[in-house]
Amino acid sequence: MVQSINTQVDLKIDATAFTGLTDYGEILIGDKGFEFYNSRDVRKFIQIPWEEVDQVIVSVMLKGKWIPRYAIKTKRNGTFTFASKKPKDVLRAIRVYVDPANMVSSLSFFDVIKNAFQSMFKKKKKK
């Protein structure tokens, strides 16, 4: 069994981690960090200390009514994407330990399309 980095658990909730294939398990949010444990394979786990968290990126839809997934961008190890049953509760628990200025919403579908068109026209002007 894996040793938890937390000494106190604030929230424990069922979740999905998108690491290549989807992994189902539980998220633990505590005083030392963010943890994900796979429910089937004990060797598959993610432990992120709060000092390592750079940003929390939230996918917001329907003007904040629905949050399908969120990602944690670390300083050294990349970005980890998760989905859970009550994402607002998870984000509130994370906000206690991460500066709210580091919690950002991701680009919408239309923003991505707009940026793609703008970059295509910028490339044509440079040539």
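Quick note: to get the numbering used here, add 6 to the position in the sequence shown (first position is 1).
Glycine included, every Cβ here is placed at the ideal spot set by N, Cα and C.
Small disclaimer: the values here were computed from a predicted structure and weren't measured.
- Counting only unbroken stretches of 4 or more residues, the alpha helix (DSSP H) elements lying wholly within the stretch 55 to 133 are 93 to 103, 115 to 132, in sequence order.
- In the DSSP assignment, the residues bridged to Thr25 are Leu27.
- DSSP, read as helix, strand or coil, puts Asn12 in coil.
- Here DSSP, grouped into helix, strand and coil, assigns Lys50 to coil.
- Spatial neighbours of Val62 in its own chain (CB-CB distance under 8 angstroms, excluding positions within 5 residues in sequence) are listed in chain order as Tyr76, Ala77, Ile78, Lys79, Leu97, Ile100, Val104, Asn108, Met109, Val110.
- For Asn44, same chain residues with a beta-carbon under 6 angstroms away, outside a window of 5 residues either side, are Asp29, Gly31, Lys50 in chain order.
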